[in-house]
Amino acid sequence: MRPTLLSRTRRWLGASALALLVGVGGVSTAFVLTGQAANAQVRNVAQIAVPEVNQQGFADLVDAVKPAVVSILVEAQEPASGPSGGPAGPGGPRGRDFQFNFPDLPEGHPFRDFFDQFGGAPGAPGGGEAKPRQFMAAGSGFIVSADGYVVTNNHVVADATKVTVIFEDGTEQVATVVGTDERTDLAVLKIEGKDLPFVTFEDQPSRVGDWVVAVGNPFGLGGTVTVGVISGAGRNIGGSNYGDFLQIDAAVNTGNSGGPAFNTKGEVVGVNTAIYSPNGGNVGIAFAIPAHTVKQIVNQLIDTGTVTRGYLGVSIQDVSKDIADSVGLTTAKGAIVREPAADGPAGAAGVKSGDIITAVDGDSIDDALDLSRTIAGKAPDSTVELTIWRDGAEQKVSVKLTQLKEDAGQTAPSKPTPPADVPESTSMLGMTLVPNGDGSGGLLIQDVQPDSSAAQRGLAVGDVVLEIDNKPINSVADFEGAVSAVQGKGLATALVKVSRDGEARFIGLPINEEG
Numbered sequence: 004m005r006p007t008l009l010s011r012t013r014r015w016l017g018a019s020a021l022a023l024l025v026g027v028g029g030v031s032t033a034f035v036l037t038g039q040a041a042n043a044q045v046r047n048v049a050q051i052a053v054p055e056v057n058q059q060g061f062a063d064l065v066d067a068v069k070p071a072v073v074s075i076l077v078e079a080q081e082p083a084s085g086p087s088g089g090p091a092g093p094g095g096p097r098g099r100d101f102q103f104n105f106p107d108l109p110e111g112h113p114f115r116d117f118f119d120q121f122g123g124a125p126g127a128p129g130g131g132e133a134k135p136r137q138f139m140a141a142g143s144g145f146i147v148s149a150d151g152y153v154v155t156n157n158h159v160v161a162d163a164t165k166v167t168v169i170f171e172d173g174t175e176q177v178a179t180v181v182g183t184d185e186r187t188d189l190a191v192l193k194i195e196g197k198d199l200p201f202v203t204f205e206d207q208p209s210r211v212g213d214w215v216v217a218v219g220n221p222f223g224l225g226g227t228v229t230v231g232v233i234s235g236a237g238r239n240i241g242g243s244n245y246g247d248f249l250q251i252d253a254a255v256n257t258g259n260s261g262g263p264a265f266n267t268k269g270e271v272v273g274v275n276t277a278i279y280s281p282n283g284g285n286v287g288i289a290f291a292i293p294a295h296t297v298k299q300i301v302n303q304l305i306d307t308g309t310v311t312r313g314y315l316g317v318s319i320q321d322v323s324k325d326i327a328d329s330v331g332l333t334t335a336k337g338a339i340v341r342e343p344a345a346d347g348p349a350g351a352a353g354v355k356s357g358d359i360i361t362a363v364d365g366d367s368i369d370d371a372l373d374l375s376r377t378i379a380g381k382a383p384d385s386t387v388e389l390t391i392w393r394d395g396a397e398q399k400v401s402v403k404l405t406q407l408k409e410d411a412g413q414t415a416p417s418k419p420t421p422p423a424d425v426p427e428s429t430s431m432l433g434m435t436l437v438p439n440g441d442g443s444g445g446l447l448i449q450d451v452q453p454d455s456s457a458a459q460r461g462l463a464v465g466d467v468v469l470e471i472d473n474k475p476i477n478s479v480a481d482f483e484g485a486v487s488a489v490q491g492k493g494l495a496t497a498l499v500k501v502s503r504d505g506e507a508r509f510i511g512l513p514i515n516e517e518g
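In our numbering, the protein residues as written are 4 to 518.
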């Protein structure tokens, strides 16, 4: 279990905005194993049968499910370090950088062995050359079919050269990695066997307050059981565009990664994957990937070894109350489109910057992350109907999704047409604006009054106002005219598109201030 600290830094101009090219899981929410896994599901002789939980505790449940919970032992090789112990990869235990700036050491020097251990002493034979380091790690997993499919976390088996599954009775078997999915941090292994004990996923989602029993291999102590409740649902941790985590308070620690959390029926409700901790240990806040997500991903990995995701092709952000007020929405729900990708399916279907997606196939959208999760249930090449709020009215747009490419990046905002001449500066709405000197269009914010609504909403010197009410702003006249047009609609808030460091987003800016 790798500790995960929740980000406390809110991005400029509002919290919980997602800059993403929406394109997530490409399977339906119903889970039907195919191929070997489907055959495994009907072998009831091996399926775990859990008796009703007694009032004295969870011992009967634990006795029933423990044979299907395994420890995962990983032998791996971290990326080779650079010369003289240079960068060895990402941060953390596997990626520490050892930079030694000592002079050449003579033979027999007491520090030579120390330097050799970390890639060779400078000047030593082989010293300064990249030497990959071997390491071992431990995690947890669980068997989901009688013929030996095992679920765990991707980060448990990442960079593995050998994966060993250890059963409750201590027997071991080398496993094959069937497939991994870094975006959801899930992996499927395969071991040999027939009529192996296995567990199944819950069909009805557990609720906040329900019991959960976590079984795993914390700190190498295999077969450890901890009990708690589901503390929250739908958690977004680490800004993940695919986040939909259960928060549980059962004790989860290093080594629990990939292990199951059970309900009182012995069904898997989630895969333990991360903890929130200021000190690296359990503080009662752990996160599990919910069963409905795990089933979708595991199904694809078993069938094909890879995961395909639908691609909508928009960068989006949450709809704040100010934004809702600026466009005439009664509730602050949905996801506003910052930019459609130039070659994406949404743009080709007519979706525009400033559109607010309020529903997909009739299912309402709460925020940007909800849109991501909803698209996760749609397959590539499927057609979805988007309900869009544009120009004060609802519209329907049909979009045929394509497949998300793993290297798809954030859509760059389009540049407005540069102004034909250089207008004067203006001071309005608590800001002083001047022509954007780089010729890319928009008005540059030269000053912001500290007590203004513009300052309260995060606008700062150097930001560029690109649009007001979805109309390009290239001059002071454009700005003043757009503000007057919004007032003419009877609105007290204007939808303003602003760029900072090349990244555009929307805010709702009150326009009833003087000055």
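The beta-carbon is built from N, C-alpha and C at its ideal position, and this holds for glycine as well.
Could you check where the alpha helix (DSSP H) with Ala-349 kicks off and where it finishes?
348 to 351 is the span of the alpha helix (DSSP H), which, as asked, contains Ala-349.
Neighbourhood of Gly-231 by C-beta distance below 7 Å, restricted to the same chain and skipping five residues each side:
Taken in chain order, the residues that qualify are Val-215, Ile-251, Asp-252 and Ala-253.
Helix, strand or coil: which one does DSSP assign to Glu-470?
Under the three-state reduction of DSSP, Glu-470 is assigned to strand.
I need the straight-line Cα distance from Asp-66 to Val-202, nearest angstrom please.
Rounded to the nearest whole angstrom, the C-alpha separation of Asp-66 and Val-202 is 13 Å.
Using only CA atoms, which one of Pro-348, Lys-69, Ser-456 and Val-147 lies nearest to Asp-198?
Selected option, being the one with the closest Cα: Val-147.
Classify Glu-470: buried if its beta carbon has 16 or more other beta carbons within 10 angstroms, exposed otherwise.
Glu-470 comes out buried.
Is the region 361 to 378 close to the region 299 to 310, with three or more CB pairs under 8 Å?
Taking 8 Å as the limit for Cβ pairs, the verdict is that the region 299 to 310 does not touch the region 361 to 378.
Check Ala-495 in the structure and name its three-state DSSP category.
Correct three-state label for Ala-495: coil.
Is the beta carbon of Gly-436 sitting closer than 8 Å to the one on Ser-428?
In the sequence as presented, Gly is not what sits at residue 436; that position holds Leu. For Leu-436 and Ser-428, yes; Cβs fall inside 8 Å.
Roughly how many angstroms separate the alpha carbons of Gln-449 and Val-467, rounded to a whole number?
Gln-449 and Val-467: Cα-Cα distance of roughly 9 Å.
Do Leu-389 and Tyr-314 have their CB atoms nearer than 8 Å?
No, the pair does not count as a contact, with Cβ atoms beyond the cut-off.
Leaving aside the five residues before and after Gly-505 along the sequence, list all residues of the same chain whose C-beta is less than 6 Å from its C-beta, in chain order.
For Gly-505, where only same-chain residues beyond five positions count, there are no Cβ hits under 6 Å.
Under 8 Å between the Cβ atoms of Ser-143 and Asn-285?
No, these two residues do not count as a Cβ contact at 8 Å.
The beta strand (DSSP E) that contains Thr-361, what's its start and end?
For Thr-361, the enclosing beta strand (DSSP E) stretches over residues 359 to 363.
Where Gly-94 falls, given that 16 or more other Cβ within 10 Å makes a residue buried
Confidence is the limiting factor: at Gly-94 the pLDDT is only 33, short of 50, which leaves the residue's position unreliable, though a coordinate-based value still follows. The residue in question, Gly-94, is exposed, as its Cβ has fewer than 16 Cβ neighbours within 10 Å.
Could you pull out every residue in the same chain whose Cβ sits closer than 6 Å to the Cβ of Arg-376, ignoring the five residues on either side in sequence?
Only Asp-247 meet the Cβ criterion.
Beta-bridge pairing of Ala-396 - partner residues as DSSP gives them:
The partner list for Ala-396 (beta bridge, DSSP) reads Arg-393.
Simplified DSSP state of Asn-302, which is helix, strand or coil
Residue state, collapsed to three classes: helix.
Roughly how far, in whole angstroms, is the beta-carbon of Thr-405 from the beta-carbon of Pro-343, given that I think they are within contact range, below 8 Å?
Cβ atoms of Thr-405 and Pro-343 stay farther apart than 8 Å, at about 13 Å.
Can you have a look at Ser-487 and say buried or exposed, based on whether 16 or more other CB atoms are within 10 angstroms of its CB?
Residue burial annotation: Ser-487 is exposed, with fewer than 16 other C-beta atoms found within 10 angstroms of its C-beta.
Looking at Gly-262 and Val-218, is the spacing between their C-beta atoms short of 8 Å?
Inclusion of Val-218 and Gly-262 in the CB contact set at 8 Å is warranted, their separation being smaller than that value.
Leaving aside the five residues before and after Pro-513 along the sequence, list all residues of the same chain whose C-beta is less than 7 Å from its C-beta, in chain order.
Taken in chain order, the residues that qualify are Ser-456, Ala-495 and Thr-496.
Please classify Asp-481: is it buried, with 16 or more other beta-carbons within 10 angstroms of its beta-carbon, or exposed?
Its Cβ being crowded by 16 or more others within 10 Å, Asp-481 is buried.
Tell me whether Pro-70 sits in a helix, a strand or coil according to DSSP, three-state version.
For Pro-70, the secondary structure class from DSSP, reduced to helix, strand or coil, is helix.
Which residue comes first and which comes last in the alpha helix (DSSP H) that contains Thr-377?
Counting along the chain, the alpha helix (DSSP H) containing Thr-377 begins and ends at 371 to 379.
What's the gap between the Cα of Ile-1 and the Cα of Val-166?
The chain is shown from 4 up to 518; residue 1 falls before or after that span and cannot be answered.
Give me whichever residues DSSP pairs with Thr-229 in a beta bridge.
Residue pairing by DSSP places Thr-229 opposite Ala-217 in a beta bridge.
Are the beta-carbon atoms belonging to Asp-531 and Val-310 less than 8 Å from one another?
Residue 531 lies beyond the stretch modelled for the chain, which goes from 4 to 518, so this question has no answer here.
Tell me whether Glu-78 sits in a helix, a strand or coil according to DSSP, three-state version.
The answer is strand: DSSP assigns Glu-78 an E or B state.
How would you label Lys-381, buried or exposed, when you count the other beta carbons within 10 angstroms and need 16 or more for buried?
It is buried - the Cβ of Lys-381 has at least 16 other Cβ atoms within 10 Å.
Within the continuous beta strand (DSSP E) that includes Ala-141, where are the two ends?
Element bounds for Ala-141: 137 to 146.
Which class does Lys-197 belong to by DSSP, given the choice of helix, strand or coil?
Coil, per DSSP.
Buried or exposed for Val-464, going by 16 or more other Cβ atoms inside 10 Å?
By the neighbour-count criterion, in which a residue is buried when 16 or more other Cβ atoms sit within 10 angstroms of its Cβ, Val-464 is exposed.
I need the straight-line Cα distance from Leu-192 to Gln-137, nearest angstrom please.
About 21 Å.
Using DSSP's beta-bridge definition, name the partner residues of Pro-293.
Answer is Gly-273.
Suppose the cutoff is 8 Å on Cβ atoms and the five residues either side in sequence are ignored; what does the same chain contact list for Pro-419 look like?
With a pLDDT of 41 at Pro-419, under the threshold of 50, the modelled position of that residue is not reliable, and the figure given next carries that caveat. Result list for Pro-419: Ser-443, Gly-444, Gly-445, Leu-469, Glu-470, Pro-475, Ile-476 and Asn-477, in chain order.
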